[in-house]
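*Asks:*
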Amino acid sequence: MNIFRFFGDMTHLFSVIVLLLKIYATKSCSGVSLKTQELYALVFVMRYLDLFTDFISLYNTIMKLVFISTTVAIVWCMRKHPLVRRTYDKDLDTFRHYILVTVSFVLALLFHDRFTIKEVFWAFSIYLEAVAILPQLVLLQRSGNVDNLTGQYVFFLGAYRGFYILNWIYRYFTESHYFRWIPWMAGLVQTALYADFFYYYFLSWKNNAKLQLPA
Numbered sequence: 019m020n021i022f023r024f025f026g027d028m029t030h031l032f033s034v035i036v037l038l039l040k041i042y043a044t045k046s047c048s049g050v051s052l053k054t055q056e057l058y059a060l061v062f063v064m065r066y067l068d069l070f071t072d073f074i075s076l077y078n079t080i081m082k083l084v085f086i087s088t089t090v091a092i093v094w095c096m097r098k099h100p101l102v103r104r105t106y107d108k109d110l111d112t113f114r115h116y117i118l119v120t121v122s123f124v125l126a127l128l129f130h131d132r133f134t135i136k137e138v139f140w141a142f143s144i145y146l147e148a149v150a151i152l153p154q155l156v157l158l159q160r161s162g163n164v165d166n167l168t169g170q171y172v173f174f175l176g177a178y179r180g181f182y183i184l185n186w187i188y189r190y191f192t193e194s195h196y197f198r199w200i201p202w203m204a205g206l207v208q209t210a211l212y213a214d215f216f217y218y219y220f221l222s223w224k225n226n227a228k229l230q231l232p233a
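Heads up: the sequence shown runs through residues 19 to 233, numbered per the working numbering.
Quick look at the structure:
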């Protein structure tokens, strides 16, 4: 494992910790998209089916279990916790996320490494992860003001993808021109979706002001 992938894993993990901290400490999920969290839960379950068939390393197994369990816990809190669910911005979180699921699954059936259940579900998870942040970004734009913890959550989630792109570039030059076009293309799309958010995030940081996104 190279340093870029490690930092990518850590920023991804930290984004989840920040979100859990917001929900459990404040008993509020205001500004958080349940639909995005449900999409991520589906992403992790589909991608990590190899937990039942392949052992790569203890680190790898632990990280997979952590991402599945924490995301499911977030979804449960937003749906079932008596205090948290009352703060859910249901009227703002109206993105039709089932369209993202449908398109991602069709792409996985058409474009995959091998036509097996495991490989199709893996490709599906890659395509879906690329666009899973859309309901969250739309919710933030509709609400306008973004609280500090929610902003940090999205920032670290975007940083995770940035580090993974650096990881791919590093591996391309050090591992006999390593290249996997499905995650690379999906990763570039995912990073592009964060561009507008990062612009306003750094603008608010530079001006020491509250993060606001244009509606």
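No residue lacks a Cβ here, since even glycine has one placed at the ideal position from N, Cα and C.
Nothing here was measured: the structure is a model prediction, and the numbers come from that model.
Need the endpoints of the alpha helix (DSSP H) that Val-90 sits in, please.
*Replies:* Reading the sequence shown from its first residue, position 72 is the one you call residue 90. Start and end: 76-98.
*Asks:* Following a CB-centred definition, is Ile-187 positioned closer than 7 Å to any heavy atom of the ligand MN?
*Replies:* This structure lacks the ligand MN; in fact it carries no ligand of any kind.
*Asks:* Thinking just about the alpha-carbon of each residue, which of Pro-201, Phe-32, Thr-44 and Lys-136 is nearest to the one in Thr-88?
*Replies:* As a first step, residue 88 must be located in the sequence shown, where it is residue number 70. The shortest C-alpha separation from Thr-88 is found at Phe-32.
*Asks:* For Thr-54 versus Pro-153, is the C-beta spacing smaller than 8 Å?
*Replies:* For this step, residue 54 is matched to residue 36 along the sequence shown. For this step, residue 153 is matched to residue 135 along the sequence shown. Yes, the pair counts as a contact, with Cβ atoms nearer than the cut-off.
*Asks:* Relative to the C-alpha of Thr-105, which candidate in Phe-197, Gly-205, Arg-179 and Ser-51 has its C-alpha closest?
*Replies:* The residue you call residue 105 lines up with position 87 of the sequence shown. Out of Phe-197, Gly-205, Arg-179 and Ser-51, Ser-51 has the C-alpha closest to the C-alpha of Thr-105.
*Asks:* Please give the ranges of any alpha helix (DSSP H) in the segment 104-132, keeping only runs that are unbroken, at least 4 residues long and fully inside the region.
*Replies:* The segment 104-132 is shown to contain whole alpha helix (DSSP H) runs of 4 or more residues at 115-128, in chain order.
*Asks:* Should the segment 207-219 be called in touch with the segment 167-182, which here means at least 3 C-beta pairs below 8 Å?
*Replies:* yes
*Asks:* Does the beta-carbon of Glu-56 have 16 or more other beta-carbons within 10 angstroms, so that it is buried, or is it exposed?
*Replies:* Taking the sequence shown and counting its residues from 1, one reaches residue 56 at position 38. Buried, by the Cβ-count rule.
*Asks:* For Lys-45 versus Val-102, is the C-beta spacing smaller than 8 Å?
*Replies:* Mapped onto the sequence shown, residue 45 falls at position 27. Mapped onto the sequence shown, residue 102 falls at position 84. Taking 8 Å as the Cβ cut-off, Lys-45 and Val-102 qualify as a contacting pair.
*Asks:* What does the Cβ neighbour count give for Glu-147, buried or exposed, with the cut at 16 atoms within 10 Å?
*Replies:* Numbered from its first residue, the sequence shown carries residue 147 at position 129. Flag for Glu-147 reads buried.
*Asks:* Report all residues from its chain with a CB closer than 6 Å to the CB of Val-149; omit the five preceding and five following residues, and keep chain order.
*Replies:* Translated into positions along the sequence shown, residue 149 becomes position 131. Counting only Cβ-Cβ distances below 6 Å, and skipping sequence neighbours, we find Leu-118.
*Asks:* Where does Met-19 land, buried or exposed, given buried means 16+ other C-beta within 10 angstroms?
*Replies:* Reading the sequence shown from its first residue, position 1 is the one you call residue 19. Label assigned to Met-19: exposed.
*Asks:* Rounded to whole angstroms, what's the CA-CA distance from Ile-183 to Gly-205? Just pull it up for me.
*Replies:* For the purposes of this step, residue 183 is taken as the residue at position 165 of the sequence shown. For the purposes of this step, residue 205 is taken as the residue at position 187 of the sequence shown. Distance between the alpha carbons of Ile-183 and Gly-205 is about 7 Å.
*Asks:* According to DSSP, simplified to helix, strand and coil, what is Thr-29?
*Replies:* By one-based count along the sequence shown, residue 29 stands at place 11. When secondary structure is reduced to three states using DSSP, Thr-29 falls in the helix class.
*Asks:* How would you write the range of the alpha helix (DSSP H) that Phe-52 sits in, first residue to last?
*Replies:* By 1-based counting over the sequence shown, the position of residue 52 is 34. Correcting the residue identity first, residue 52 is Leu in this sequence and not Phe. 52-65 is the extent of the alpha helix (DSSP H) around Leu-52.
*Asks:* Less than 8 Å between the C-beta atoms of Leu-155 and Leu-211, yes or no?
*Replies:* Indexing the sequence shown from 1 puts residue 155 at position 137. Indexing the sequence shown from 1 puts residue 211 at position 193. Cβ distance < 8 Å, so Leu-155 and Leu-211 count as in contact.
*Asks:* Starting from the C-beta of Phe-25, find all residues in its chain whose C-beta is less than 8 Å away, skip the five residues before and the five after it, and write them out in chain order.
*Replies:* On the sequence shown, position 7 is the one that residue 25 refers to. Result list for Phe-25: Phe-181, in chain order.
*Asks:* With Met-96 and Cys-47 assumed to form a contact (beta carbons below 8 Å), what rounded beta-carbon distance in angstroms separates them?
*Replies:* The residue labelled residue 96 in the question sits at position 78 within the sequence shown. The residue labelled residue 47 in the question sits at position 29 within the sequence shown. With 8 Å as the limit, Met-96 and Cys-47 qualify as a contact, their Cβ atoms being about 5 Å apart.
*Asks:* Would a C-beta distance cut-off of 8 Å place Ser-143 and Met-64 closer than the cut-off?
*Replies:* The residue given as residue 143 occupies position 125 in the sequence shown. The residue given as residue 64 occupies position 46 in the sequence shown. In this structure, Met-64 lies closer than 8 Å to Ser-143 by Cβ.
*Asks:* Within its chain, find whatever has a CB closer than 7 Å to the CB of Ile-86; leave out the 5 residues flanking it on each side and keep chain order.
*Replies:* Position 68 of the sequence shown, counting from 1, holds the residue named residue 86. Same-chain partners within the cutoff: Phe-62, Val-63 and Tyr-66.
*Asks:* Could you check what DSSP says for Pro-201 in three-state terms: helix, strand or coil?
*Replies:* Looking up residue 201 in the sequence shown gives position 183. It is helical.
*Asks:* Using the beta-carbon count (16 or more within 10 Å), is Asn-185 buried or exposed?
*Replies:* By one-based count along the sequence shown, residue 185 stands at place 167. Buried is the label assigned to Asn-185, since at least 16 other Cβ atoms lie within 10 Å of its Cβ.
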